[in-house]
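Novice: Taking UniProt numbering, I'd label the letters of the sequence shown as residues 1 to 493. Every residue gets a Cβ at the ideal spot worked out from N, C-alpha and C, and that includes glycine. Nothing here was measured: the structure is a model prediction, and the numbers come from that model. Here it is, the structure, as structure tokens.
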Amino acid sequence: MNKKTINIIKAFSSLNILVIGDAIMDGYMRGESERLSREAPVPIVEITEENYVGGGAANTASNLASLGAKTYLLSVAGDDKEGEILKNLLIKSGVQTDFLFKQDKRKTLTKMRVVSGSHLITRIDHGSVEQISPETEMKIIKVINSIYHKFDTVVVSDYGYGVLTKSIIDKLKKLKKNSLLPIIVDAKNLIYYQDIGVDAVKPNYIEAINLLGISKAKNHQLRIPQIKQYGQKLLNLIQSKIVAVTLDRDGALIFERDRPAYRTYAYPVPDSNSSGAGDTFTAVFAMALALHCPLATSAELASAAANLSVSEEGTSVCTKEKLIRFFSGNSKYVETREEMIFLTENYKREGKKIVFTNGCFDIIHPGHVTYLSQAKELGDIFIVAVNTDEGVRKLKGWERPINKLEDRINVLSALSSVDHIISFSSDNPISLIEQIKPDIYVKGGDYTRETLPEVQLVESYGGKVYILPYIKNHSTTNIIRKIRRPIINSLFQ
């Protein structure tokens, strides 16, 4: 994407957005599982880490705030420890919590996931899911009535957990009839919003087929053609200007009246990573539409943000910095291993040969450039793994690196021989190689097969190892010495 897209992302900071909906707290207990219980054939997970993040409307609001919008959350939590944790998480994310009401005897809904490795073992839900009290309902209606007109858009995040009552939805309907303020709805049951005249709705696949009253497709490859044929019917059912159906691994289908469907694409991730992607999509889609962006641009921005949010384990948010970096033109840098695995698997299906090398590349000199060019010639796709700053310090000493990781990536990106770049923090890239399984592993002539622990791994799965000729008279260490020599000499004059 171009500078115009980056300017759109920067303009998110000009928006004031109200999120109304069910605030959830997502919890994650992570640990190792190596044995089964004697009481039943279930895994025993020894928990090593526990953390909490905002879910549902709280996640949508956190994404909006992380992307720069001034965001207010109108929701209800319990007057309990979980409610206090959730409020602090929202404040930390930059969300305004003036309208996060606490209701006596209501328990904050918490969804605790137990994860081992990349596997979701189970989810434990506890908290209130019944309709909020009449007193709390009246408070929310009063707030909506007084502040509705102050925002650039309203996002409704209705998970069906009792905050969006009929009276509150009726209030939104009444206000919408007398206002041009956009309303974007992400709801478990969209039929409740069919006559409000909302600007866009974002059902997921299950929500869409439930609304249509049709059965699930036999496999996920059939979901795209299935939903495509019902695009105009979805628009008519909800009476919305736009319908965006998110399809997790299959991206999203965007429908607008009397226009062809627009599709975006997604990266496949483990189930334990996918939580919250829809909230992220909704947040960015709402902001882009509020800025009057073209539908395709809005969809691509939303899909990119959702992809970035699920590249990390658990419910996550997409920050403005991440999204700008994604669209900055530096497409050679791959942020996560999941994305790199996705890319390499696609290349392999296309029959392309993957070449891989690694190094610090602190001060890139002619020796590096020649070496990288020669390596590229050995295959079709050339991946360069770069040590992080901390990794360089561990290998080269406290004075290194001379150039920070971002600068080293930018220089490598300028070389036409390099297709993709990924960073790694360990002493060697063995775990990365194990996941990517490149066809060819390359190192320079200052290494030997005996000094490379990667050799045995690469050859174990049928890959090849090449040691390219050493380029004489070119060394990062020597360049640093040349730079320092005049300084040192001057000290003794």
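Looking at the unbroken alpha helix (DSSP H) that takes in residue 428, where does it start and where does it end?
Specialist: Translated into positions along the sequence shown, residue 428 becomes position 428. First-last for residue 428: undefined, no H or E at that position.
Novice: With DSSP collapsed to three states, give me the class of residue 307.
Specialist: Stepping through the sequence shown from its first residue, residue 307 is reached at position 307. In the structure shown, residue 307 sits in a helix (DSSP, three-state: H, G or I).
Novice: When you compare only the Cα positions, how much space is there between residue 177 and residue 5?
Specialist: Taking the first residue of the sequence shown as position 1, residue 177 is located at position 177. Taking the first residue of the sequence shown as position 1, residue 5 is located at position 5. Taking the straight line from one Cα to the other gives about 32 Å.
Novice: Does the region 286 to 303 touch the region 20 to 29, meaning 3 or more C-beta pairs lie closer than 8 Å?
Specialist: no
Novice: Put residue 417 into one of helix, strand or coil per three-state DSSP.
Specialist: Locating residue 417 in the sequence shown gives position 417, counting from the first residue. Note: residue 417 maps to coil in three-state DSSP.
Novice: Check the DSSP bridge columns for residue 103 and list the partner residues they point to.
Specialist: For the purposes of this step, residue 103 is taken as the residue at position 103 of the sequence shown. Answer is 78, bridged to residue 103.
Novice: Please identify the residue among 393, 333 and 426 whose C-alpha is closest to the C-alpha of residue 504.
Specialist: Residue 504 is absent from the model: the chain starts at 1 and stops at 493.
Novice: Do you know whose CA, among 409, 342 and 377, lies nearest residue 360's CA?
Specialist: Against the sequence shown, residue 360 aligns to sequence position 360. Comparing Cα-Cα distances from residue 360 to each of 409, 342 and 377, the minimum goes to 409.
Novice: Taking its Cβ as the centre, do 16 or more other Cβ atoms sit within 10 Å of residue 138, making it buried, or is it exposed?
Specialist: The count along the sequence shown starts at 1 and reaches residue 138 at position 138. Counting Cβ neighbours within 10 Å, residue 138 comes out exposed, since fewer than 16 surround it.
Novice: Does DSSP put residue 62 in a helix, a strand or coil?
Specialist: Position 62 of the sequence shown, counting from 1, holds the residue named residue 62. Note: residue 62 maps to helix in three-state DSSP.
Novice: Can residue 383 and residue 411 be called in contact, C-beta distance under 9 Å?
Specialist: Taking the first residue of the sequence shown as 1, we reach residue 383 at position 383. Taking the first residue of the sequence shown as 1, we reach residue 411 at position 411. No, these two residues do not count as a Cβ contact at 9 Å.
Novice: From residue 18 to residue 305, what distance separates their C-alpha atoms?
Specialist: Here residue 18 refers to the residue found at position 18 of the sequence shown. Here residue 305 refers to the residue found at position 305 of the sequence shown. When rounded, the distance between both Cα atoms is 20 Å.
Novice: Considering residue 460, what are the terminal residues of the alpha helix (DSSP H) in which it resides?
Specialist: Position 460 of the sequence shown, counting from 1, holds the residue named residue 460. Looking at the DSSP string, the run of the alpha helix (DSSP H) that includes residue 460 is 454 to 460.
Novice: Taking the alpha-carbon positions, what's the residue 446 to residue 468 distance?
Specialist: Looking up residue 446 in the sequence shown gives position 446. Looking up residue 468 in the sequence shown gives position 468. The straight-line gap from Cα to Cα measures roughly 9 Å.
Novice: Between the alpha carbons of residue 487 and residue 399, how many angstroms are there, rounded?
Specialist: For this step, residue 487 is matched to residue 487 along the sequence shown. For this step, residue 399 is matched to residue 399 along the sequence shown. At residue 487 the pLDDT is 46, less than 50, meaning the model places this residue with poor confidence; the figure from the coordinates comes in the next sentence. Rounded to whole angstroms, residue 487 to residue 399 spans 16 Å at the Cα level.
Novice: By the three-class DSSP mapping on this structure, what secondary structure does residue 382 have?
Specialist: Walking along the sequence shown from the start, residue 382 turns up at place 382. Looking at residue 382 - three-state DSSP - the assignment turns out to be strand.
Novice: Assuming the contact rule is C-beta atoms closer than 8 Å, residue 249 and residue 277 should be a hit. Round their C-beta distance to whole Å, please.
Specialist: To locate residue 249, count along the sequence shown from 1; it is residue 249. To locate residue 277, count along the sequence shown from 1; it is residue 277. The beta carbons of residue 249 and residue 277 sit about 10 Å from each other, so the pair does not count as a contact at 8 Å.
Novice: Whose C-beta lies closer than 6 Å to the C-beta of residue 92 among residues of the same chain, with five residues either side of it excluded?
Specialist: If you number the sequence shown from 1, residue 92 lands on position 92. If we look at residue 92 and ignore the five residues flanking it on each side, it has no Cβ neighbours.
Novice: Less than 9 Å between the C-beta atoms of residue 97 and residue 78, yes or no?
Specialist: Translated into positions along the sequence shown, residue 97 becomes position 97. Translated into positions along the sequence shown, residue 78 becomes position 78. Contact: no.
Novice: Out of 403, 155, 380 and 405, which has the shortest C-alpha to C-alpha gap to residue 348?
Specialist: As a position in the sequence shown, residue 348 is number 348, starting the count at 1. The option with the nearest alpha carbon to residue 348 is 380.
Novice: DSSP on residue 240, reduced to helix/strand/coil?
Specialist: Within the sequence shown, residue 240 is the residue found at index 240, counting from 1. Looking at residue 240 - three-state DSSP - the assignment turns out to be coil, as it is neither helix nor strand.
Novice: Tell me, please, whether the region 144 to 162 touches the region 48 to 66 by the rule of three or more beta-carbon pairs shorter than 8 Å.
Specialist: By the criterion of at least three beta-carbon pairs nearer than 8 Å, the region 144 to 162 is in contact with the region 48 to 66.
Novice: Give the single residue among 454, 35, 419 and 443 whose Cα lies nearest to the Cα of residue 435.
Specialist: Working through the sequence shown from its first residue, we reach residue 435 at position 435. Residue 454 is the option with its Cα nearest to residue 435.
Novice: Can you tell me whether residue 149 is helix, strand or coil according to DSSP?
Specialist: As a position in the sequence shown, residue 149 is number 149, starting the count at 1. Residue 149: helix per DSSP, three-state reduction.
Novice: Kindly indicate which three-state DSSP category residue 409 falls into: helix, strand or coil?
Specialist: Looking up residue 409 in the sequence shown gives position 409. It is helical.
Novice: Can the beta-carbon of residue 207 be found less than 9 Å from the beta-carbon of residue 190?
Specialist: Translated into the one-based positions of the sequence shown, residue 207 becomes position 207. Translated into the one-based positions of the sequence shown, residue 190 becomes position 190. Yes, the pair counts as a contact, with Cβ atoms nearer than the cut-off.
Novice: First and last residue of the beta strand (DSSP E) that includes residue 443?
Specialist: Numbered from its first residue, the sequence shown carries residue 443 at position 443. Unbroken beta strand (DSSP E) run through residue 443: 440 to 443.
Novice: Is the separation between the beta-carbon of residue 76 and that of residue 163 shorter than 9 Å?
Specialist: The residue labelled residue 76 in the question sits at position 76 within the sequence shown. The residue labelled residue 163 in the question sits at position 163 within the sequence shown. It is a contact, given that the beta carbons lie within the stated cut-off.
Novice: Rounded to the nearest angstrom, what separates residue 419 and residue 54 at their Cα positions?
Specialist: Along the sequence shown, one-based indexing puts residue 419 at 419. Along the sequence shown, one-based indexing puts residue 54 at 54. So the two alpha carbons sit approximately 37 Å from each other.
Novice: Buried or exposed for residue 225, please, with buried defined as at least 16 other CB atoms from any protein chain shown within 10 angstroms of its CB.
Specialist: Position 225 of the sequence shown, counting from 1, holds the residue named residue 225. So residue 225 ends up on the exposed side.
Novice: Compute the Euclidean distance between the alpha carbons of residue 9 and residue 324, then round it to the nearest angstrom.
Specialist: Along the sequence shown, one-based indexing puts residue 9 at 9. Along the sequence shown, one-based indexing puts residue 324 at 324. For residue 9 and residue 324, the distance between alpha carbons rounds to 7 Å.
Novice: For residue 337 and residue 422, I'd like the C-alpha separation in whole angstroms.
Specialist: If you number the sequence shown from 1, residue 337 lands on position 337. If you number the sequence shown from 1, residue 422 lands on position 422. Roughly 8 Å separates the two Cα atoms.
Novice: Check the C-beta distance from residue 297 over to residue 288 and give it rounded, since I have them as a contact under 8 Å.
Specialist: Against the sequence shown, residue 297 aligns to sequence position 297. Against the sequence shown, residue 288 aligns to sequence position 288. So it is a contact: roughly 6 Å between Cβ atoms.
Novice: Is the Cβ-Cβ distance between residue 200 and residue 285 less than 9 Å?
Specialist: Here residue 200 is taken as the residue at index 200 of the sequence shown, counted from 1. Here residue 285 is taken as the residue at index 285 of the sequence shown, counted from 1. Yes, they are a contact pair.
Novice: Express the C-alpha separation of residue 441 and residue 386 in angstroms, rounding to a whole number.
Specialist: Along the sequence shown, read from residue 1 onward, the residue named residue 386 stands at position 386. Along the sequence shown, read from residue 1 onward, the residue named residue 441 stands at position 441. If I take the Cα positions, the gap works out to 14 Å.
Novice: Of all the options 23, 22 and 47, which has the alpha carbon lying nearest to the alpha carbon of residue 32?
Specialist: Start at 1 with the first residue of the sequence shown, and residue 32 comes out as number 32. Of the listed residues, the one whose Cα sits closest to residue 32 is 47.
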